[in-house]
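*Asks:* In my numbering, the protein residues as written are 605 to 900.
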Amino acid sequence: MKQYIIILLTAMLIASCQEKKQTEIRWVHSKTIALADVNPIGIAQGEKGIWLSDGDRNRLVLIDNSGVVLNTIDSLDRPMHIASEGEMLVIPQYGNDEILRFRESEKEIVRTWDSLDAPAGVAIKGAEIAIADFYNNKVHYTENSSDWITFGKEGKADGDFYYPTDVHLTESNIWVADAYNNRLQVFDKKGNHLKTIGEDQKMNAATGIFVSDTNAYTTDFENDRVLVFDLEGSLKQVLDTDISKPTDLIIIDEVLYVTNYKGKSLSVYTQQEVEISSQEGHDTHNDHHDHEDHKD
């Protein structure tokens, strides 16, 4: 009888543990792509590869998915957080306060209604353009590539900036990486402040931003990590495997690429179904607990 009770209790314990198991789709580090002589700052999707801005060498490079350089655009002046659409690249030049449209060998300067002082990031969506104006602590936006609005000033309050470095356009909103206020901010397309995200996460330089249909991503430069929020601002995941001074990020074909400025590399993450306990499901998750590291 005693042996039967022990067996029964063991079975109940196993069943209880199984009931607590659940799965969740999470970003997991897949590999790291080494970049020879490239300190990447910005990243954008190209038709034939991935474009990276290498501000230290005043150029853009086009790489394949193994890091081999396929093409180079030289003679720039410290290009930063770039954007692309089809064959067109939009390049903010931090060094000479200009924004370039670049298609094949054709170059055109984007004219705004206000002067720029070290533009650090751009975003495009059709005829729309947004610019993060670093030293002016402003964002410039046009819905038609010609009529501009400008909003923001130096400060800590909602709607103020302290050196914005990157922007992202969605259907309805303008998202801003407010780098040295250590947060993200969201505005409508008239420049009205809607929400502030990430102030409770102790970020140290929120340098890059990417927004998907469900999540907002930012690089936390000095803390060597990427933070993943839902669109309401709740933290969902922290990515920190093989990340070294990250500056920007992008999702291409369901793969997340993170630029590592110091590491001269791209950290590559893919989504995987991960088994978690019911208690873990209530906690923010760091990616490095689920896998072995792989490096190219």
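Every residue gets a Cβ at the ideal spot worked out from N, C-alpha and C, and that includes glycine.
Assign residue 682 to one of three DSSP states: helix, strand, or coil.
*Replies:* Residue 682 falls in the coil class under three-state DSSP.
*Asks:* For the beta strand (DSSP E) containing residue 688, list its first residue and its last residue.
*Replies:* Here the beta strand (DSSP E) through residue 688 covers 687-689.
*Asks:* May I ask you to list the residues that DSSP assigns as paired with residue 779?
*Replies:* DSSP output for residue 779 lists 772, 790 as bridge partner(s).
*Asks:* On a CA-only basis, which of 797, 781, 878 is nearest residue 738? Give me that one, please.
*Replies:* Residue 738 has its Cα closest to that of 781, out of 797, 781, 878.
*Asks:* What's the call for residue 719, buried or exposed, on a 16-neighbour Cβ count within 10 Å?
*Replies:* Residue 719 comes out exposed.
*Asks:* Which residues share a DSSP beta bridge with residue 593?
*Replies:* Outside the shown range of the chain, which is 605 to 900, sits residue 593, and nothing can be said about it.
*Asks:* Indicate whether the contact test is met: 3 or more Cβ pairs, each with one atom in the segment 720-733 and one in the segment 687-701, closer than 8 Å.
*Replies:* Contact holds: three or more Cβ-Cβ distances are below 8 Å.
*Asks:* Of the choices 674, 687, 644, 665, whose alpha-carbon is the least far from that of residue 814?
*Replies:* Taking only the C-alpha atoms, the option nearest residue 814 is 687.
*Asks:* Check each candidate in 811, 797, 786 and name the one with the smallest Cα separation from residue 803.
*Replies:* Taking only the C-alpha atoms, the option nearest residue 803 is 786.
*Asks:* In the DSSP assignment, find the beta strand (DSSP E) that holds residue 725 and state where it starts and stops.
*Replies:* That run of the beta strand (DSSP E) goes 723-729.
*Asks:* Specify whether the segment 850-866 and the segment 789-805 touch according to this definition: at least 3 beta carbon pairs, one from each stretch, less than 8 Å apart.
*Replies:* No: the two stretches stay apart, fewer than three of their Cβ pairs being nearer than 8 Å.
*Asks:* Taking the Cβ atom as the reference point for each residue, do residue 682 and residue 646 lie within a distance shorter than 8 Å?
*Replies:* Their beta carbons are not under 8 Å apart, which means residue 682 does not touch residue 646 by this criterion.
*Asks:* If I measure Cβ to Cβ from residue 837 and keep anything under 6 Å in the same chain, skipping five residues before and after, which residues do I get?
*Replies:* Within the same chain, residue 837 has close Cβ partners 801.
*Asks:* Where residue 626 and residue 835 are concerned, what is the direct C-alpha to C-alpha distance, given to the nearest angstrom?
*Replies:* When rounded, the distance between both Cα atoms is 24 Å.
*Asks:* Can you tell which of 764, 806, 808, 648 has the C-alpha that lies nearest to the C-alpha of residue 791?
*Replies:* Comparing Cα positions, the closest option is 764.
*Asks:* Do the segment 770-780 and the segment 806-821 meet, that is, are 3 or more Cβ pairs less than 8 Å apart?
*Replies:* Result yes; three or more Cβ-Cβ pairs closer than 8 Å.
*Asks:* Grouping DSSP H, G and I as helix and E and B as strand, with all else coil, what is residue 803?
*Replies:* Residue 803 falls in the helix class under three-state DSSP.
*Asks:* Opposite residue 764 in the DSSP bridges: which residues?
*Replies:* Answer by DSSP bridge pairing: none, since residue 764 is not bridged.
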